[in-house]
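J.:
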Amino acid sequence: MAFYAQMSSGLGRILLASDGAGLTGLYFIGQKDCPPLDGLPPPAPQAKDPTAGLMSGVAIKNFKARMAAGGGLFGPANLARTGAAGGAPFPGQASRTLCGAAGGAHDALTFMQDGTPHAVEALFERAQRELREYFRGERKAFTLPLAAEGTDFQKKVWHALLAIPYGQSVSYGEVARAAGLTPRHGRPVGTAVGRNPIAIIIPCHRVLGGAGTLTGYSGGLERKFALLELEGFSLGYRAS
């Protein structure tokens, strides 16, 4: 049986999902793949296009992130840990929104079902606590049990994403290699990245285009911009 809870954040309301043993989903309410539950609004029209979005009138898809130094991002230490252009024209704008909203009085956790088991309530409360710490810049790794549901190929890609450290970025080709594939699998890997059901915690926002461009994000590029900025990336825009 699936259980759900809602929480507030500086990026909008978040839907958490669990199968009773682990976290199976983290969605921004209104994104196109958010489960259609009673009482939730339908996906926003712009949610159908993961490359859409503006930041101060500039198309976010034309922004690029200054990538942190690479090397060893998918090394044994990181895999073991998981168990599995210029400056920004609007510096700090997005991350201040996140930090200012994290842990506010409005940040209530709402269980979507009566009789949610105590163990699941505890898992959702732990998820909320770790997310609030992340948004405040106090947490760089999550310790939640995950139970993402997908094909073997998707799970292989999602496991590779878990090894990308906070404040680092990789390309789709690098994700493919980390998943035991070749860079020629970049397109199907990109599809699997886009279907990641546990946003933020499985950090698909750290995957960038080959030139450091933001490409797309199922939760909306405004949120990807904010998450990268929170993690210390410098973002600027390039001519289209």
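Under the UniProt record's numbering, think of the first position of the sequence shown as 1, with each following residue one higher.
Each residue gets a CB set at the ideal place from its N, CA and C atoms; glycine is no exception.
1. Quick one: give me the first and last residue of the alpha helix (DSSP H) that threonine 191 is part of.
2. Is it the case that the stretch 154-169 contacts the stretch 38-53, given that we only count it when at least three CB pairs across the two stretches are under 8 Å?
3. Can you check DSSP and say which residues form a bridge with valine 207?
4. Cβ of glutamate 125 within 8 Å of Cβ of leucine 109?
5. Taking the straight line between their C-alpha atoms, what separation do you get for valine 170 and glycine 57?
6. To the nearest angstrom, how far is it from the Cα of glutamate 229 to the Cα of alanine 211?
7. Could you give the DSSP three-state label for histidine 4: helix, strand or coil?
8. Please report the straight-line C-alpha distance between aspartate 152 and leucine 15, rounded to a whole angstrom.
9. Count the other CB atoms, across all protein chains shown, that sit within 10 Å of the CB of histidine 118; report buried if there are 16 or more and exposed otherwise.
10. Report, in whole angstroms, the separation of the C-beta atoms of leucine 23 and methionine 112, which I expect to be a contact under 8 Å.
11. Quick one: what's got a C-beta closer than 6 Å to methionine 7's C-beta in the same chain, skipping five residues either side?
12. DSSP three-state label for alanine 147, please.
13. With a cut-off of 8 Å, do at least 3 Cβ pairs link the stretch 184-201 to the stretch 140-159?
14. Bridge partners for tyrosine 27 per DSSP, in chain order?
15. Looking only at its own chain, which residues have a Cβ that is under 7 Å from the Cβ of valine 120, when we skip the five neighbours before and after it?
16. Please list, in chain order, all residues of the same chain as threonine 116 whose beta carbon is under 6 Å from its beta carbon, the five residues on each side excluded.
17. Please return the same chain residues whose Cβ sits closer than 8 Å to the Cβ of arginine 139, not counting the five positions on each side in sequence.
18. Please check the pair leucine 227 and phenylalanine 63, which I expect to be a contact at CB under 8 Å, by giving their CB distance rounded to whole angstroms.
19. Can you grab the Cα-Cα spacing for the pair methionine 1 / tyrosine 237, in whole Å?
20. What number of angstroms, rounded off, separates the C-alpha of alanine 80 from the C-alpha of aspartate 114?
21. Compute the Euclidean distance between the alpha carbons of tyrosine 27 and aspartate 33, then round it to the nearest angstrom.
22. On the CB-based measure, 16 or more other CB atoms within 10 Å of its CB, does proline 89 come out buried or exposed?
23. Output the distance between the C-alpha atoms of cysteine 204 and proline 188, rounded to the nearest integer angstrom.
24. Tell whether a beta-carbon distance below 8 Å holds between leucine 208 and phenylalanine 225.
25. So isoleucine 60 and leucine 221 are supposed to be a Cβ contact under 8 Å. How far apart are they, rounded?
T.: In short, the structure shows the following:
1. Following the DSSP letters along the chain, one finds threonine 191 inside the alpha helix (DSSP H) bounded by residues 186-194.
2. The stretch 38-53, when compared against the stretch 154-169, does not touch it at the 8 Å Cβ threshold.
3. Under DSSP, valine 207 shares a beta bridge with Val170.
4. If you check the CB distance, glutamate 125 and leucine 109 come in under 8 Å.
5. Distance between valine 170 and glycine 57, taken at the CA atoms: about 27 Å.
6. Answer to the nearest angstrom: the Cα atoms are 17 Å apart.
7. Going by the sequence as given, residue 4 is tyrosine instead of histidine. In the structure shown, tyrosine 4 falls within a strand segment according to DSSP collapsed to helix, strand and coil.
8. About 24 Å.
9. It is exposed - the Cβ of histidine 118 has fewer than 16 other Cβ atoms within 10 Å.
10. Not quite, the Cβ-Cβ distance comes to about 14 Å (not below 8 Å), so this is no contact.
11. Here methionine 7 has Ile14, Leu109 and Gln128 as same chain residues with Cβ atoms under 6 Å from its own Cβ, once five neighbours each way along the sequence are excluded.
12. Looking at alanine 147 - three-state DSSP - the assignment turns out to be coil, as it is neither helix nor strand.
13. Result yes; three or more Cβ-Cβ pairs closer than 8 Å.
14. The secondary-structure analysis by DSSP pairs tyrosine 27 across a beta bridge with Leu15.
15. So the qualifying residues of the chain are Phe3, Ser18 and Gly20.
16. Closer than 6 Å at the Cβ level, and outside the excluded window around threonine 116, lie Phe3.
17. Leaving aside the five residues that flank arginine 139 on each side, the residues in its chain whose CB is nearer than 8 Å to its CB run, in chain order, Glu130 and Glu133.
18. Actually they do not touch by this definition, with Cβ atoms about 13 Å apart.
19. Between the alpha carbons of methionine 1 and tyrosine 237 lies a gap of roughly 45 Å.
20. Confidence in alanine 80 is poor, its pLDDT being 43 and thus under 50, which makes the residue's placement unreliable; the coordinate value appears in the next sentence. Cα-Cα distance, rounded: 38 Å.
21. About 8 Å.
22. Summary for proline 89: the model assigns pLDDT 38, below 50, so the residue's position carries little reliability, and this model does not support an answer.
23. Between the C-alpha atoms of cysteine 204 and proline 188 there is a straight-line separation of about 14 Å.
24. Between leucine 208 and phenylalanine 225, the gap from beta carbon to beta carbon reaches 8 Å or more.
25. Leucine 221 and isoleucine 60 do touch by the CB rule: their CB atoms are close to 4 Å apart, below 8 Å.
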